[in-house]
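This report concerns only the one structure given below.
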Amino acid sequence: MSREEENDNKETAKKQQLCCICNQKRPALKRPKTLEQICKECFYEVFEEEIHCVIVENRLFKAGERIAIGASGGKDSTVLAYVLSELNRRHNYGLDLFLLSIDEGITGYRDDSLETVKRNEIQYGLPLKVVSYKDLYGWTMDEIVKMIGLKNNCTFCGVFRRQALDRGATLLKVDKLVTGHNADDIAETVLLNILRGDIARIAGIYSPNAYRGFAREFIKDLERMRPRAILDIIRSGENFRIAVSTKMPEQGICERCGYISSQILSSKGCLGDDPLSLVHVGTEIFCFLVFSHLFNLILKPFGQGGPVAQILAGVVLGPTALSQIRIFKTSIFGETSTQIYNQTLASCIRVMYMFLFGLEMDVSYLVRNFKLGASLAYSSLPMCIILAVCFGLVLSHQTSMEGNPFRFMCFLALLFANTSSPTVIKVASELKIETSEVGRLAIISALINEISTLLLLAVLTTWGGGALGFGGVVNGIFLCSLFVVGGVILNILLARYLNQRNPHRKHLRNIEVVSVLLLMSVISLYTELKGYNSTIACFIFGLMFPREGKTYRTLVHKMSYPVENFILPIFFANLGFQVNLPDIDLKGYLIIILVVFVSISCKFGGAFVNTYFLNITPKDSIFLSLLSNVKGHADLLIISAAATRHKWSIKDYNTFIVTVAVNTIIVGPFLAFMVRKEGKFMAFKHVGLESQKPETEIRTLACVHGPRHVPTLVGIIAAAAGTRKSPFTAYVMHLVELTEKNSDLLYNQHENGLLSDDEDYGGNDELEINDAIDAFVADTRVPVHQVKIVAPTTTMHDELCSSAKDLRVSIVMLPFHKHQRVDGKMQTSKEGIRITNQKVLRAAPCSVGILVDRGFSPIQVSESESKLQVATLFFGGPDDREALAYSSLLARHPDVKLTVFKFLPSTRKELQARINMESNEEDEVLMEIMTHVTEKDADKAFLANFYNRYVTSKDVNYVEKYVENGSETMAVLSAMKDNYSLFVVGKGGRGLSPLTTGMSDWEECPELGVVGDVLASSDMVMSASVLVIQQHKPPKNEYIDNHLP
1059 MSREEENDNK ETAKKQQLCC ICNQKRPALK RPKTLEQICK ECFYEVFEEE
1109 IHCVIVENRL FKAGERIAIG ASGGKDSTVL AYVLSELNRR HNYGLDLFLL
1159 SIDEGITGYR DDSLETVKRN EIQYGLPLKV VSYKDLYGWT MDEIVKMIGL
1209 KNNCTFCGVF RRQALDRGAT LLKVDKLVTG HNADDIAETV LLNILRGDIA
1259 RIAGIYSPNA YRGFAREFIK DLERMRPRAI LDIIRSGENF RIAVSTKMPE
1309 QGICERCGYI SSQILSSKGC LGDDPLSLVH VGTEIFCFLV FSHLFNLILK
1359 PFGQGGPVAQ ILAGVVLGPT ALSQIRIFKT SIFGETSTQI YNQTLASCIR
1409 VMYMFLFGLE MDVSYLVRNF KLGASLAYSS LPMCIILAVC FGLVLSHQTS
1459 MEGNPFRFMC FLALLFANTS SPTVIKVASE LKIETSEVGR LAIISALINE
1509 ISTLLLLAVL TTWGGGALGF GGVVNGIFLC SLFVVGGVIL NILLARYLNQ
1559 RNPHRKHLRN IEVVSVLLLM SVISLYTELK GYNSTIACFI FGLMFPREGK
1609 TYRTLVHKMS YPVENFILPI FFANLGFQVN LPDIDLKGYL IIILVVFVSI
1659 SCKFGGAFVN TYFLNITPKD SIFLSLLSNV KGHADLLIIS AAATRHKWSI
1709 KDYNTFIVTV AVNTIIVGPF LAFMVRKEGK FMAFKHVGLE SQKPETEIRT
1759 LACVHGPRHV PTLVGIIAAA AGTRKSPFTA YVMHLVELTE KNSDLLYNQH
1809 ENGLLSDDED YGGNDELEIN DAIDAFVADT RVPVHQVKIV APTTTMHDEL
1859 CSSAKDLRVS IVMLPFHKHQ RVDGKMQTSK EGIRITNQKV LRAAPCSVGI
1909 LVDRGFSPIQ VSESESKLQV ATLFFGGPDD REALAYSSLL ARHPDVKLTV
1959 FKFLPSTRKE LQARINMESN EEDEVLMEIM THVTEKDADK AFLANFYNRY
2009 VTSKDVNYVE KYVENGSETM AVLSAMKDNY SLFVVGKGGR GLSPLTTGMS
2059 DWEECPELGV VGDVLASSDM VMSASVLVIQ QHKPPKNEYI DNHLP
């Protein structure tokens, strides 16, 4: 070889030993990724530029974001901190960078690395936050090793470190957390997940636990045999493709600690059994109850009791206020959160409450008003969709949202449109409007709204998520529906079986109650396991439950008090407990204001629809819109589903949680203000039966002191109910007199622990009343709501009138204080009954009927042509018009034949005779004449309307009786007494009519009026019962308000 060739070879070898990029310096390394030999300076430049390209191409960061760098003090995290800070400065990313380090509490290991991190803080000028296991979990890693030994301690450490990073990021309020890894770590992760069959983590959803051992050794062996093996494994993981039909787990939020997790519970710390956790749950529930009732007492005078007070109590107890105090948090809630128990308890509360609500639901009213309720429920939906589309893009750019924007808009529309039915029911109850027409419409529309929302949420969270197609969603709903229908049938059979057991007991045994609830719980659990919310199933269970029998009564009796006073306060307080205001920044508060404003705007858009298309008054529409803006558990489910699907940060999740509480809290003051300002608009105003339209619902409250009067009263109720399509609601109230004897008995039973359901107030009378009503309901299918009042005679009328006002009844029916003996004579049962009747007649907020019971068989639909004969006596005046109006209800029943007797004077000198009987004072005479003429006109108009509606169609017989005085009237009554089963007559209000002159000379019971007293006297021996009706007489100012133009 010549010298020139040798020189050329030397020159070529020299060039090959230079950096392949700059060709100036000797190479320092050969990159496994590209097999390039490059110098140190070029490697730095290429390495940093590649990282910059990855950041820009994948849009990893946005200007203004806060980024936490996981800093352990090792080479990977140190390089990451340097490169990210350098690129942020060089390319002006506009990021706020922080160092986040974890102190595991490992002596001799973490101490040195923490010093390195502190030097990095100074060197790179980045703020440092050190979070320790001791602060987060209450123990160090050394203490864990002492407890569990050396086996599996790395597993605990890795899991805790991952969660500690999440918690530290939350404390720093950062938007993203970045960590540094080398190729060995990534290759090991890919290989380990392949060996485990964990395809979800290969797809990059989450890194697994930092396992050491076989995978690490295998990777090193491969690297020694073939250096590129590590990169090949990484690329294999990157190119891994997963079938679309494969169900993938989703990044969510741990139900216990509230931090990021792909599981329901995020770590072994959350899964582990803390011996004090149940104690902390108990103390937490105790605080919920105490603070809820305390806030309720404080805010009740301002009209802000109930849900608003309970949510505020939860806010005060939660991380917004008292939980910020470490000693309070650790002593009440423990070192670890009890949130998983709260969520489980919230689910149980929702199941029990919706079941109870279904039990108490008026099915007939729901069926009659379903169309109107559905229209109200969906009236705001168009506006919700429009505003969700308009503001969805804005909110998606202001949050850490990932995924399909269209799905995010759907979640947003559901959040805007949803109305929490439990919250509406509770608020309506607190405002005492749950029995008003507006209140009942609000409850029905909220129920339809929430059921629709949950169904759409089930479809939205399953359809298009890669796990189920449309057919899978429909199949799941069908299976759940089939299971629910089967459960309803089993519940009906079980209820009928339990009703027949132990016929001498008033209520079921506790074990029997548990059996009913257990069946419902199993169905609800199955529904939840299938991925659907069990609220609908529980409501259907209650709605379809048989209304007759002791099973129904026992469930309502045993569930009402604890649900209202214990369960619901915990439910609403838990909602407020999730609010974390300190974790929200200025942008978060702006999002809260925007979401709340849009939500209210949607509901007011619905108010416009209600007013324009549904002919609802503006006041009612505004009230319904405000009441429909309350939020609850379904909204939490929507937010949780959205956070899971779109991988929200904890800060964004907390922001939307706050909107749920704020929406409900701000509605309360407005509703209370409307109720106070529009007292006459919202308060119960009785409308006499004579003024009500035929389609108006009639609510009757029949009162009984014992089982004696039940058959006759329920018979009249059945007759008044008419056909099953008639809007009629019946209540039977058991009036139990509270005496010193049974009061002392109750005290002794409490002292000795002997009080049971069978020893409750009412004794055997209540058992007989229940049996009579059950038999009546079974025969007639007319639903009857049972109520009971226990009070001394002196205040019995106050309790009764208050209940009548709350129930907004049209008429109260009271039993006469006398009963008929075998010989036909009338005997006084108890003088206290008469006193109560007299007080109720003076103070009742509605019309009152007093029943003189001589027997009146319950109405049964039959094919027999024989009908019960009812006679209505009409002399004139408001009470007689009210009696005739009530009689028109009886006339609608196919087995009742009504005959109306109108008594007229045989001469036409009534007006002159009336004037002569009055005072000689001219003013008084003129006033009496005007009043008399006005009543005459009202009688004539009412009778003409009644005649055209019922008499001309031959549904009612009409007879005119001409009499001269009271004696002739007595003769007419005596002649017809044996021809009818029931007489209906007005109490009075006729003035000094010559038709009844002399009939009051031997009056015994003025509360029955002149004619009623005659028919109820012992001298009038007959088998017919008598119903005496008094029309409600409003106070003078109320009368003027209702009649002035």
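Under my numbering, residues 1059 to 2103 are what the sequence shown spells out, in order. The beta carbon of each residue, even a glycine, is placed where N, CA and C say it ideally should be. Bear in mind that the values here come from a model prediction, so they are computed numbers and not experimental data.
Sub-9 Å separation of residue i and residue j beta-carbons
i, j, result
"H1691", "P1463", "no"
"L1424", "L1613", "no"
"Y1411", "L1626", "yes"
"R1408", "S1618", "no"
"A1777", "L1947", "yes"
"H1875", "T1787", "no"
"I1847", "I1369", "no"
"E1940", "S1905", "yes"
"V1772", "A1830", "yes"
"N1010", "V1958", "Residue 1010 cannot be examined here, being either before or after the span of the chain that is shown, 1059 to 2103."
"K1187", "G1226", "yes"
"I1581", "V1621", "no"
"S1438", "C1660", "yes"
"S1478", "K1689", "yes"
"E1753", "P1785", "yes"
"E1748", "Q2089", "yes"
Residues that residue i bridges to, as DSSP identifies them
i, result
"E1795", "A1849"
"I2087", "G1907 and G2044"
"L1235", "A1126"
"T1957", "A1929 and N2015"
"R1351", "The amino acid occupying residue 1351 in the given sequence is His; Arg does not appear at that position. Beta-bridge pairing links H1351 to no other residue."
"K1876", "T1886"
"F1786", "I1756"
"K1088", "Q1095"
"Q1844", "V1790"
"Y2020", "L1962"
"M1871", "A1760 and G1907"
Cβ separation of residue i and residue j, assumed to be a contact under 8 Å, to the nearest whole Å
i, j, result
"R1766", "H1877", "6 Å"
"L2073", "L2040", "The Cβ separation is near 11 Å, so there is no contact."
"R1089", "I1079", "Not a contact, Cβ separation roughly 11 Å."
"G1416", "A1631", "Not quite, the Cβ-Cβ distance comes to about 24 Å (not below 8 Å), so this is no contact."
"V2068", "M2057", "5 Å"
"D2013", "A1949", "6 Å"
Which listed residue (the options) has its alpha carbon closest to that of residue i
i, options, result
"A2033", "G2067, A2082 and A1475", "A2082"
"T1228", "F1156, C1078 and Q1181", "F1156"
"I1502", "V1348, L1347 and L1685", "L1685"
"A1222", "K1234, E1123 and D1193", "D1193"
"F1681", "R1498, T1713 and A1701", "R1498"
"F1218", "D1233, V1236, V1232 and M1199", "M1199"
"A1849", "A1996, T1797 and A1631", "T1797"
"H1763", "A1779, A1730 and D1823", "D1823"
"K1645", "S1749, V1667 and S1458", "S1458"
"K1387", "N1828, Q1362, S1350 and C1345", "C1345"
"Q1181", "N1150, G1882, R1168 and V1141", "V1141"
"Q1636", "P1440, P1365 and N1712", "N1712"
"H1704", "S1130, G1461 and I1113", "G1461"
"P1841", "A1779, K1204 and G1890", "A1779"
"F1391", "S1405, L1375 and V1653", "L1375"
"N1668", "F1449, N2023, G1431 and S1190", "G1431"
Ordered list of beta strand (DSSP E) runs contained in the region 1143-1222, each at least 3 residues
You should have 1154-1161 and 1186-1190.
With a floor of 4 residues, list each alpha helix (DSSP H) that falls wholly inside the region 1725-1779, ordered by position along the chain.
Counting only runs of 4+ residues, the alpha helix (DSSP H) found wholly inside the region 1725-1779 occupies 1737-1740 and 1768-1779, in chain order.
Which runs of the beta strand (DSSP E) spanning at least 3 residues fall entirely within the region 1432-1483, listed in chain order?
Within the region 1432-1483, not a single complete beta strand (DSSP E) segment reaches 3 residues in length.
So within the region 1479-1515, which uninterrupted alpha helix (DSSP H) runs reach at least 4 residues, ignoring any that extend past its ends?
Whole alpha helix (DSSP H) segments, 4+ residues: 1479-1488.
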